[in-house]
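Asks: Residue numbering for the sequence shown follows full-length UniProt numbering, beginning at 1 and increasing consecutively. Virtual Cβ for every residue (Gly too), placed ideally from N, Cα, C. Handing you a structure now.
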Amino acid sequence: MLVTVVTLTRNRPRLLARALRSVQRQDLDAPCRHLVVIDDCHETYLSLRAREPLPGNVRWLLAGRGPEDVSGPGRSARLRNMAVRASRARWICFLDDDNEWEPEHLSSLLECAGRTGHRAVHSHLTMLNADGTPYLEPREPWARDAAEGRAQWAWMRAKGVVTPGSCVRRDRLDPPGVADPVVSVDTGEWLLDRGLLLDVPFRDVYDARDEAASVGEDDKFAMDLRARGEPVSCTGRATLRYYLGGYSNNFSLPFDPTFSWRDAGEQEAVP
């Protein structure tokens, strides 16, 4: 298979159905496989079984949990790395179960990779509220403090990532040597060479400082790519439809009863 799309899912079968439809609507001529990794959720397992026969390019994998396993960036990173090892495709993409893609997402990424020869290419995104309306508030939704969120948004505006009155986010990964760099690419924006992902797996250990700064696996992955000087290119097209309300930007409701930024048993404090 040329492309494997990896979707991690737990306790959200309705949203997963939207993600499945999104992948099936891709205008891609090349072979594509959709690997759905069910994170120890019987309800989602039954939902997929009820939908069978699924499209021929969809397969699913049920990942069990041990007593120490909790939802969070560490768990997500381990499942992403497991899916990469299980795939034999040249290219890997990640679509979270609560997001979707425009039909030209994969084809535009593959065109960009073919044109540049880069092993890491990405798109831009449109940021939406959970109900699908455009997110137009001038603050970064990942900041817990409102004032800090407004300051971060103003910095992103100065860097050309966000624009007042628009829900398009022009994410990018500035190369080494750029002062005050932008290091912001969501996992769902990437098309990545499998060999690169084997060399640079998602980091699965997070501490109290990561939790305080809402640093997730996509942030650390982008940092690692930048640190090694990996060439990166962008399609310039906003083909990821990113819906707010996940663990990284919902601070009022529990994302999952087991959720923890750090693994169970870790009690580190911010120094």
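Beta-carbon separation of V36 and V3 under 8 Å?
Replies: no
Asks: Could you check if E111 is buried or exposed, using at least 16 other CB atoms within 10 Å of its CB as the buried criterion?
Replies: Classified as exposed, E111 has fewer than 16 neighbouring CB atoms from the shown chains inside 10 Å of its CB.
Asks: Going along the chain, which residues of its own chain have a beta-carbon closer than 6 Å to the beta-carbon of L95, five neighbours each way excluded?
Replies: V5, T7, A19 and G188
Asks: Would you report the Cα separation of A179 and R226, rounded to the nearest angstrom?
Replies: 13 Å
Asks: What are the partner residues of W142, as DSSP defines its beta bridges?
Replies: Answer by DSSP bridge pairing: none, since W142 is not bridged.
Asks: Is H122 closer than 8 Å to V185 when the C-beta atoms are compared?
Replies: yes
Asks: Can you find the residues in the same chain that come closer than 8 Å, C-beta to C-beta, to V200, ignoring five residues on each side of it along the sequence?
Replies: F221, D224, L225, R228 and E230
Asks: Quick check: H118 and A238, are their CB atoms within less than 8 Å of each other?
Replies: no
Asks: Three-state secondary structure (DSSP) at R10?
Replies: In the three-state reduction of the DSSP assignment, R10 falls in the coil class, being assigned neither a helical nor a strand state.
Asks: Across the stretch 125 to 134 and the stretch 37 to 53, are there enough close Cβ pairs to call them in contact, namely three or more that are closer than 8 Å?
Replies: Touching, no, given that fewer than three Cβ pairs across the two stretches are closer than 8 Å.
Asks: Classify E230 as helix, strand or coil using the three-state DSSP reduction.
Replies: coil
Asks: Between Y242 and P67, what straight-line distance do the alpha-carbon atoms span, to the nearest angstrom?
Replies: 32 Å
Asks: So within the stretch 26 to 105, which uninterrupted alpha helix (DSSP H) runs reach at least 4 residues, ignoring any that extend past its ends?
Replies: List check, alpha helix (DSSP H) in window: 42 to 51 and 73 to 86.
Asks: My understanding is that A77 touches D204, with C-beta atoms under 8 Å, so please give their C-beta distance in whole angstroms.
Replies: Right, the Cβ-Cβ distance comes to about 4 Å (below 8 Å), so this counts as a contact.
Asks: Determine the DSSP secondary structure at G165, reduced to helix, strand or coil.
Replies: coil
Asks: Kindly indicate which residue of T9, R262, G149 and G165 has the alpha-carbon position closest to the one of W60.
Replies: T9
Asks: Name the residue from E211, D207, L191 and W261 whose alpha carbon lies nearest to the alpha carbon of R90.
Replies: The option with the nearest alpha carbon to R90 is L191.
Asks: Could you name the residues of the same chain whose beta carbon sits closer than 7 Å to that of I92, not counting the 5 residues immediately before and after it, in chain order?
Replies: Answer for I92: T4, V6, V84, L192, R194 and L197, listed in chain order.
Asks: Say whether the stretch 95 to 108 touches the stretch 12 to 28, bearing in mind that this needs 3 or more beta-carbon pairs closer than 8 Å, one atom from each stretch.
Replies: yes
Asks: From A143 to A158, what does the alpha carbon distance come to, in whole angstroms?
Replies: 18 Å
Asks: Just reading off the alpha helix (DSSP H) that L198 is part of, what are its end residues?
Replies: R194 to D199
Asks: Per DSSP, V5 is paired with what?
Replies: Answer by DSSP bridge pairing, in chain order: H34 and C93.
Asks: Going by DSSP, what residue range makes up the alpha helix (DSSP H) through A208?
Replies: A208 to A213
Asks: May I have the straight-line CA-CA distance separating R169 from L240, to the nearest angstrom?
Replies: 10 Å
Asks: Excluding five sequence neighbours on each side, which residues of the same chain lie with their C-beta closer than 8 Å to the C-beta of A146?
Replies: R139.
Asks: Tell me whether the beta-carbon of A17 lies closer than 8 Å to the beta-carbon of D39.
Replies: Taking 8 Å as the Cβ cut-off, A17 and D39 do not qualify as a contacting pair.
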